[in-house]
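What follows is a single structure, written as structure tokens, with notes after it.
Protein chains: 2
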Amino acid sequence: MTNSPASPPVNPAANPAVAAPRAPAVDAVRLARAYLSRVAEPYPAALAALIAEVGPVEAAELVRSGEVSSSVASQTSARRSEERARADLAAIARVGGRLVIPEDEEWPRWPLLGLENVAARRCGGEPIALWVRGAPFLADAVDKAVAVVGSRAASGYGEQVAGEFSYGLALAGLTVVSGAAYGIDGAAHRGALAAPGLTIAVLACGVDTAYPAGHQGLLARISREGLIVSEYPPGVMPARHRFLTRNRLIAALAGGTVVVEAGRRSGAKNTAAITQALGRPLMVVPGPVTSASSVGCHELLRDGRAVSVSSVAEIVESVGRFGDDLATEPAEKESDLGVPQGEAMRVYEALGKRNGVSDEAVSVESGVPLERVRALLPELELAGLALHVDRGWQKLEMR
Amino acid sequence: MTNSPASPPVNPAANPAVAAPRAPAVDAVRLARAYLSRVAEPYPAALAALIAEVGPVEAAELVRSGEVSSSVASQTSARRSEERARADLAAIARVGGRLVIPEDEEWPRWPLLGLENVAARRCGGEPIALWVRGAPFLADAVDKAVAVVGSRAASGYGEQVAGEFSYGLALAGLTVVSGAAYGIDGAAHRGALAAPGLTIAVLACGVDTAYPAGHQGLLARISREGLIVSEYPPGVMPARHRFLTRNRLIAALAGGTVVVEAGRRSGAKNTAAITQALGRPLMVVPGPVTSASSVGCHELLRDGRAVSVSSVAEIVESVGRFGDDLATEPAEKESDLGVPQGEAMRVYEALGKRNGVSDEAVSVESGVPLERVRALLPELELAGLALHVDRGWQKLEMR
Chain A
162 MTNSPASPPV NPAANPAVAA PRAPAVDAVR LARAYLSRVA EPYPAALAAL
212 IAEVGPVEAA ELVRSGEVSS SVASQTSARR SEERARADLA AIARVGGRLV
262 IPEDEEWPRW PLLGLENVAA RRCGGEPIAL WVRGAPFLAD AVDKAVAVVG
312 SRAASGYGEQ VAGEFSYGLA LAGLTVVSGA AYGIDGAAHR GALAAPGLTI
362 AVLACGVDTA YPAGHQGLLA RISREGLIVS EYPPGVMPAR HRFLTRNRLI
412 AALAGGTVVV EAGRRSGAKN TAAITQALGR PLMVVPGPVT SASSVGCHEL
462 LRDGRAVSVS SVAEIVESVG RFGDDLATEP AEKESDLGVP QGEAMRVYEA
512 LGKRNGVSDE AVSVESGVPL ERVRALLPEL ELAGLALHVD RGWQKLEMR
Chain B
162 MTNSPASPPV NPAANPAVAA PRAPAVDAVR LARAYLSRVA EPYPAALAAL
212 IAEVGPVEAA ELVRSGEVSS SVASQTSARR SEERARADLA AIARVGGRLV
262 IPEDEEWPRW PLLGLENVAA RRCGGEPIAL WVRGAPFLAD AVDKAVAVVG
312 SRAASGYGEQ VAGEFSYGLA LAGLTVVSGA AYGIDGAAHR GALAAPGLTI
362 AVLACGVDTA YPAGHQGLLA RISREGLIVS EYPPGVMPAR HRFLTRNRLI
412 AALAGGTVVV EAGRRSGAKN TAAITQALGR PLMVVPGPVT SASSVGCHEL
462 LRDGRAVSVS SVAEIVESVG RFGDDLATEP AEKESDLGVP QGEAMRVYEA
512 LGKRNGVSDE AVSVESGVPL ERVRALLPEL ELAGLALHVD RGWQKLEMR
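As given, the protein sequences belong to chains A and B, one line each in that order.
Counting along the first sequence from 1, when you hit position 308 you're at 469 in this note's numbering, and nothing is skipped either side.
Counting along the second sequence from 1, when you hit position 65 you're at 226 in this note's numbering, and nothing is skipped either side.
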């Protein structure tokens, strides 16, 4: 299969070791993982433990024969006769895709290893395999990636911010990961594509399925310019529980997650919880407190679970591991505005607006001793804030 | 003076001790503090130390004679001949006001003591005296008080939120403290008055001065229904440095500060810094990241200096010291929605939408073992989520 369209595109520059054809054993492994990916609904913890113990080929044989523990059986008995590995690999090849497995160089090893930590394991561990469409090398694409997610029922404000931030993140060289849903997700993908930049759509169904239907065109474009990724074999339809499994993959493939808008019950809050379990930066975009679409974001802020981000620079800074990307401070500081301080300010404020005022009157009005007033007035004159006129001193407005 | 209109209105119920006429010494003290309040521009640290050492009457005599240290002289020499104590007390009486001094029961002792802590002293200590208009007993009025402040250049969103939150805070029995400026401050006062509730306007000029001019009507109403407070004697005009001094008093009189909107350089950020120096809760209202009026709020959030508040209940909870005022959680939790979990959800999602599906087909589609499917289907039926039809099981939509 190494030379079939279904094999992963190798990147010889980045990974010289994989430029050579694979050993045939890899095909047996790929077939075994394709079979197991169809047989068990993610995430099957007992099956994953068996694969870790005996390897995917042996694990597939045991599952086929039914000679497995009751916990593995409960995860595989319903579909163990579904022998569709070759058909599924042919189906993914027909749409120009491939099955990426942990044995491949393309496997996003480090990002997905996060799923093995104690807190994250409650959301499931490393996937058995990933079904992928799109030319980019998956491991490279997620090297610097940020998830941008949020409500389907987004406001105009939310879609605008999701689009602009994703555009900026893509311009900054980051990959934008999202779930291809209506609302925030769609705006995030579109923003990244417009840059143009790299975006990854993670689906709760097969990568050959256009879901939601209204995003058929968007998904086609992502499959040409970015990546579509799923744990589900071709033809699997979306289902409620699959969105939760999908959310875990969005969080795991990204170095951090930005929640742009989330209602009180938004699925984005699930992605947020997984991001926290992974120990990765969770960011939220504030919005009007009068908007139901921002309630979930403000809850996360108030609970201290997320950091507020208002710009692309702040997101890049929060994700942090991408180097010394500190959000630049606005150049002008408040103390640099040429505004006189302390006694000088008091003298300045005591100057006449239309007519000159005597030194003595300035002293009484400002409460600053006369000798200090006489020392400060020439300084204010030099600063262009005071003018010596016939009857004394007049104020010049600050620019 | 005890029975003159300029004396503080006593509240015999709350403070039986002050129902009796004061000793004449208090008048000498009041005259001394009125004189010192006019002579020194707030905040005069050296003069305050002298008053603490020798008392206000003796301190006034020393200042008058010029027999003071050079540091006290620098704070008093310019105006020490301004003998206007009786005239100022008469002026405040003419507008129905009074001078409240630390020797009075009405003095807000505990709130202002906050200004004596190390960090807050950089903003100045306890005032020498407060010029006050309005019937409420000042110490009681600030017992449960929240400052609601923000930009003069507020957005419609900001004014709406300031008004609605202040209305709600006033209804909850809290006093709303603000600075009577255009924008957020004005909306905060108006919201509290509408409840109807108590509001305090703290001015950077004499309490007989309507500043800003456009708030003349608002200030007149506050003087009738609430309180107007200033460190400045009657007739003193507002000046830039006086707004900073005023901000310190707003923060000190309140148990916590809510910044509704603040641009990058808003004076509200100064009030925020003092609130922090006082060690009191600093709250900000999030807003659209596309709005310049919320930039200062989001900076405070991002720096971890402020907590986000989106409702009156959250403000009351954050201020905290008002008792067990925990913001109530929304009654419905996500896990209480009757949504089936785990295998039950997978079975539910595998049911036919239009036609019945056999137990076996549900098992394969869901990946749940057949015996579990057969146990779960009656449960889903009881929950009103599955219907047994001719050819098997059909899905009923969740409400």
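Glycine is no exception: its CB is placed at the ideal position from the N, C-alpha and C atoms.
These figures come from a predicted structure and were not determined experimentally.
- One Cα belongs to A/VAL468, the other to B/VAL445, and the distance between them is close to 14 Å.
- Only SER524, VAL525, SER527, GLY528, VAL529, PRO530, LEU531, ARG533 and VAL534 from the stretch 524-545 of chain B bring a Cβ to less than 8 Å from some Cβ of chain A.
- In terms of Cα proximity to B/THR360, the closest of B/VAL368, B/GLN437 and B/ALA341 is B/ALA341.
- Remark: C-beta atoms of A/ALA323 and A/ALA302 do not approach each other more closely than 8 Å.
- Residue contact with chain A for B/GLU202: present (Cβ-Cβ distance below 8 Å to some residue of chain A).
- Taking all protein chains shown into account, A/ALA381 has fewer than 16 neighbouring C-beta atoms within 10 Å of its C-beta and is therefore exposed.
- Taking the Cα of A/ALA355 as reference, the smallest distance to any Cα among A/ILE383, A/GLY344, A/VAL363 and A/TYR372 is reached at A/ILE383.
- With 16 or more other CB atoms across the displayed protein chains lying within 10 angstroms of its CB, A/GLU526 is buried.
- Annotation for A/LEU291: VAL261 and VAL390 place their beta carbon closer than 6 Å to its own, counting only its chain and skipping 5 residues before and after.
- For A/VAL309, DSSP records a beta bridge to A/VAL419.
- Contact of A/SER235 with chain B is assigned, a C-beta pair being separated by under 8 Å.
- Chain B places a beta carbon closer than 8 Å to that of A/PRO449, counting this residue as a contact.
- Under DSSP, A/HIS549 takes part in a beta bridge, and its partners are A/TRP554.
- For B/ALA400, a Cβ of chain A is located within less than 8 Å of the residue's own Cβ.
- B/VAL337 is classed as buried because its beta carbon has at least 16 other beta carbons within 10 Å across all chains shown.
- Rounded to whole angstroms, A/LEU538 and B/ALA281 show a C-alpha spacing of 31 Å.
- Note that the C-beta distance between B/PRO447 and A/VAL310 is not below 8 Å.
- Linking B/TYR372 to B/PRO399 through their CA atoms gives a straight-line distance of about 8 Å.
- A contact is defined here as three or more CB-CB pairs under 8 Å, and the stretch 528-543 of chain B meets this definition with respect to the stretch 501-516 of chain B.
- Its Cα nearest to that of A/SER316, the residue A/SER455 stands out among A/PRO272, A/GLU228 and A/SER455.
- Secondary structure of A/ALA362 (DSSP, three-state): strand.
- Segment contact: the stretch 426-436 of chain A against the stretch 401-413 of chain A, three or more CB-CB distances shorter than 8 Å; contact assigned.
- Put simply, the CB of A/ARG463 is near chain B, with a gap under 8 Å to one of its CB atoms.
- Closest in alpha carbon position to A/ALA239, among B/LEU541, B/VAL523, B/GLU244 and B/GLY545, is B/VAL523.
- Contact note: A/ALA239 reaches chain B through SER524, VAL525, SER527, GLY528, VAL529, PRO530, LEU531 and VAL534, using a C-beta cutoff of 8 Å and chain order.
- Counting C-beta pairs closer than 8 Å gives fewer than three between the stretch 270-287 of chain A and the stretch 225-235 of chain A, which falls short of the contact rule.
- Inclusion of B/LEU548 and B/GLN555 in the CB contact set at 8 Å is warranted, their separation being smaller than that value.
- Counting along the chain, no beta strand (DSSP E) covers B/ILE262, and no H or E run does either.
- Annotation: the continuous beta strand (DSSP E) that includes B/ARG294 extends over 291-294.
- Per DSSP, the unbroken beta strand (DSSP E) holding B/THR336 starts and ends at 336-339.
- Shown here, A/MET506 sits in a helix according to DSSP, grouped into three states.
- Our two residues, B/LEU405 and A/LEU443, have alpha carbons roughly 36 Å apart in a direct line.
- Within 7 Å of the CB of B/TYR393, no CB atom of chain A is found; the nearest one sits about 11 Å away.
- In the DSSP assignment, B/LEU388 forms a beta bridge with B/ILE361.
- Cα atoms of B/VAL421 and B/GLN321: separation of roughly 10 Å, rounded to the nearest angstrom.
- When Cβ-Cβ separations below 8 Å define contact, A/SER471 makes contact with chain B.
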